[in-house]
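With numbering that gives the first Met the number 0 as the guide, the letters of the sequence shown map in order to residues 0 to 510. Yeah, the Cβ is synthetic: ideal placement off N, Cα and C, and Gly gets one too. The structure under discussion appears below in the form of structure tokens.
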Amino acid sequence: MKNPTEIWNCIQRHCKKEWKLAFSSTFVLGILMHMPVMLRDIPNHDGLASMYFDQNMITSGRWFLTVACGVSSYYTLPWLIGLLAMLYLGVASVLLTEFLELRQGWAIILTGGLLAVFPSLASTFAYVFTMDGYMLAVLFSVLAVLLTKKYRLGFLPGALCLACSLGIYQSYLPFAVLLCLYGVYMIAASEDAFREKLKKVFRYVWMGGLGLAAYYVILRLLLLIQGKELASYQGISGMGSAPQAGLGGTVLQMYRDFLAFTLKGNVFMNNFFSWGAMILLALSCAATLICLCRQKKWWKSIWFFAIIAVTAVGLPLAMNLILVISPDVTYHLLMRYHWVLLPICMTAAVSRYGEKIPWASWLALACGLVLLFNYGVTDQIAYSNLQKKYEKTYAYCVRLLDRIEQTPGYYQGIPIAMIGVVGDQSYPTTDLTGDVTAGMIGMGGDSLLYTGANYQAFIQNYLGATLNILPPEAMEDMYYSEPYREMESFPAPDSIRIIDGVLYIKTENRE
Numbered sequence: 000m001k002n003p004t005e006i007w008n009c010i011q012r013h014c015k016k017e018w019k020l021a022f023s024s025t026f027v028l029g030i031l032m033h034m035p036v037m038l039r040d041i042p043n044h045d046g047l048a049s050m051y052f053d054q055n056m057i058t059s060g061r062w063f064l065t066v067a068c069g070v071s072s073y074y075t076l077p078w079l080i081g082l083l084a085m086l087y088l089g090v091a092s093v094l095l096t097e098f099l100e101l102r103q104g105w106a107i108i109l110t111g112g113l114l115a116v117f118p119s120l121a122s123t124f125a126y127v128f129t130m131d132g133y134m135l136a137v138l139f140s141v142l143a144v145l146l147t148k149k150y151r152l153g154f155l156p157g158a159l160c161l162a163c164s165l166g167i168y169q170s171y172l173p174f175a176v177l178l179c180l181y182g183v184y185m186i187a188a189s190e191d192a193f194r195e196k197l198k199k200v201f202r203y204v205w206m207g208g209l210g211l212a213a214y215y216v217i218l219r220l221l222l223l224i225q226g227k228e229l230a231s232y233q234g235i236s237g238m239g240s241a242p243q244a245g246l247g248g249t250v251l252q253m254y255r256d257f258l259a260f261t262l263k264g265n266v267f268m269n270n271f272f273s274w275g276a277m278i279l280l281a282l283s284c285a286a287t288l289i290c291l292c293r294q295k296k297w298w299k300s301i302w303f304f305a306i307i308a309v310t311a312v313g314l315p316l317a318m319n320l321i322l323v324i325s326p327d328v329t330y331h332l333l334m335r336y337h338w339v340l341l342p343i344c345m346t347a348a349v350s351r352y353g354e355k356i357p358w359a360s361w362l363a364l365a366c367g368l369v370l371l372f373n374y375g376v377t378d379q380i381a382y383s384n385l386q387k388k389y390e391k392t393y394a395y396c397v398r399l400l401d402r403i404e405q406t407p408g409y410y411q412g413i414p415i416a417m418i419g420v421v422g423d424q425s426y427p428t429t430d431l432t433g434d435v436t437a438g439m440i441g442m443g444g445d446s447l448l449y450t451g452a453n454y455q456a457f458i459q460n461y462l463g464a465t466l467n468i469l470p471p472e473a474m475e476d477m478y479y480s481e482p483y484r485e486m487e488s489f490p491a492p493d494s495i496r497i498i499d500g501v502l503y504i505k506t507e508n509r510e
């Protein structure tokens with residue numbers, strides 16, 4: 000048996016410089032970029048109820064999430080969770096570098112950097128209590144396609160990796176699918192015989208099919224063992240069923256969503272610089288492929304044009320595959336991390352096939368740096384507003400709690416009826432980041448409070464007081480009662496009143 004020193008030296012000898020560069024660029028840039036949120040305890044509205052959460056979300060189809068998040072404990076520990084997340088993402092960057100066969104240092108750095116700064120990652124940090132698990136899901140997605148590519152029977156362990164990724168978060172399925180498509184293009188560009196190419200392509204098909212089947216079978220078995228059913232949240236209970244809109248309606252929705260988010264989502268391309276960089280990057284990629292086409296005389300083959308047509312038609316569908324799994328899903332930015340693969344794959348194509356057109360490489364490098372800087376600035380704007388949301392929420396709750404406790408007749412445990420929003424008449428909107436954070440769930444707005452349960456959790460965890468806030472179903476009739484309608488909204492003197500033994504709090508005028 001080898002001792003630890005011998006094993007370490009063996010790892011050092013077999014660790015390629017490309018791997019070291021990929022890991023360090025992702026890990027270091029990720030730590031630097033997301034340190035503002037890693038060093039603070041800034042919850043969002045969901046995080047208020049997840050200070051400790053065992054992540055058993057099997058009813059949402061996430062049967063492996065409790066295992067993935069268990070490494071960092073089930074407490075919300077931003078620094079530890081952030082370190083683990085960047086560690087997983089750094090390893091994923093290494094695997095992605097190997098899959099894309101990147102050998103140019105500048106392309107490796109851009110790939111790792113884009114993985115680390117894409118705004119979807121910042122939005123995920125708003126839900127930091129699941130951050131490490133989600134990044135492990137990304138790692139599993141990349142590992143699935145790499146194993147499938149590298150080994151003749153690699154689709155078998157690859158299918159298991161894909162099933163685990165889906166068991167953490169189903170939204171990373173398109174991540175694996177897009178990489179499979181790029182792998183197919185690499186196979187098509189190779190010098191292998193047609194039969195050998197076909198065998199390699201079908202490895203990806205087998206991996207995907209077996210992975211989905213394994214995920215679904217394991218999910219059903221665990222639901223049966225735990226005596227639970229899929230929840231209606233995000234339409235997950237409809238998984239495996241036909242879409243209500245029909246196949247044609249679902250496909251149309253997928254195209255619309257792809258175009259809406261890509262062109263008007265204000266995230267992927269959110270200003271003049273990112274628009275220009277993405278267009279020029281696409282131009283350099285197109286020039287590289289045209290040069291490669293002329294060199295290999297692909298224009299003489301009908302297969303070349305068939306692949307182009309299939310790509311144009313199929314790319315929006317591949318990007319939005321989650322709509323097939325959960326037809327009623329409401330997309331948000333956490334679920335769109337795979338969009339980062341578009342500039343990454345274009346950069347990889349230029350790096351790998353554009354040796355004879357140096358200007359394309361220079362243009363791709365310049366565009367990649369612009370995107371890195373632009374996305375990094377976007378992340379910092381989002382984190383700045385997240386901090387301000389917390390400060391404003393804290394100040395608001397201090398004032399509210401003081402008024403509650405000073406109300407004549409108040410006692411510990413008195414039933415409290417209130418809604419969760421903060422009235423915008425007494426407290427006008429002060430968020431200046433709307434143009435940047437409007438599409439970044441968890442990052443925009445002025446307050447962390449949306450429900451009575453949010454108030455209860457925030458005041459308990461950050462102010463050290465326990466309030467007995469009634470559930471929504473117990474307050475339906477109260478909201479429409481005449482005494483409540485006559486009350487003014489907080490901080491007016493008449494905004495807090497005890498009626499029939501219940502403490503009414505009116506936070507906004509509600510008709």
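- When the alpha-carbon of aspartate 499 is set against those of Tyr483, Ser488, Asp493 and Glu487, the nearest one is in Tyr483.
- Judged by pairs of C-beta atoms under 8 Å, the stretch 58-71 does not touch the stretch 399-412, as fewer than three such pairs exist.
- Taken in chain order, the complete alpha helix (DSSP H) segments of 4 or more residues contained in the stretch 239-296 are 245-263 and 271-295.
- When the Cα atoms are used, alanine 213 and leucine 145 turn out to be separated by approximately 19 Å.
- A distance below 7 Å separates the beta carbons of valine 141 and leucine 95.
- Here the alpha carbons of leucine 229 and isoleucine 468 stand approximately 28 Å from one another.
- In this structure the stretch 408-423 does not touch the stretch 304-316; the number of beta carbon pairs closer than 8 Å is below three.
- Where valine 501 is concerned, the enclosing beta strand (DSSP E) starts and stops at 501-504.
- Between proline 118 and threonine 377, the C-beta spacing is below 7 Å.
- Remark: C-beta atoms of threonine 147 and tyrosine 203 approach each other more closely than 7 Å.
- Per the coordinates, the alpha-carbon of proline 35 lies some 38 Å from the alpha-carbon of glutamate 472.
- Beta-bridge analysis with DSSP links proline 357 to no other residue.
- At a Cβ-Cβ threshold of 7 Å, glycine 438 and valine 266 count as neighbours.
- Annotation: the continuous beta strand (DSSP E) that includes arginine 496 extends over 495-498.
- The criterion of a C-beta distance shorter than 7 Å is not satisfied by alanine 416 and tyrosine 479.
- Taking the Cα positions, tyrosine 215 is about 13 Å away from leucine 172.
- In terms of Cβ geometry, methionine 477 and lysine 505 do not form a close pair [threshold 7 Å].
- Going by beta carbons, phenylalanine 128 and histidine 337 fall outside the 7 Å limit.
- Counting only the Cα atoms, tryptophan 361 lies some 15 Å from isoleucine 278.
- In the structure shown, the three-state DSSP call for tyrosine 74 is strand.
- When DSSP reads this structure, isoleucine 415 sits in a beta bridge with Ile468 and Leu502.
- If only complete runs of 3 or more residues are kept, the stretch 147-228 shows no beta strand (DSSP E) anywhere.
- With fewer than 16 other beta carbons inside 10 angstroms of its own, leucine 220 counts as exposed.
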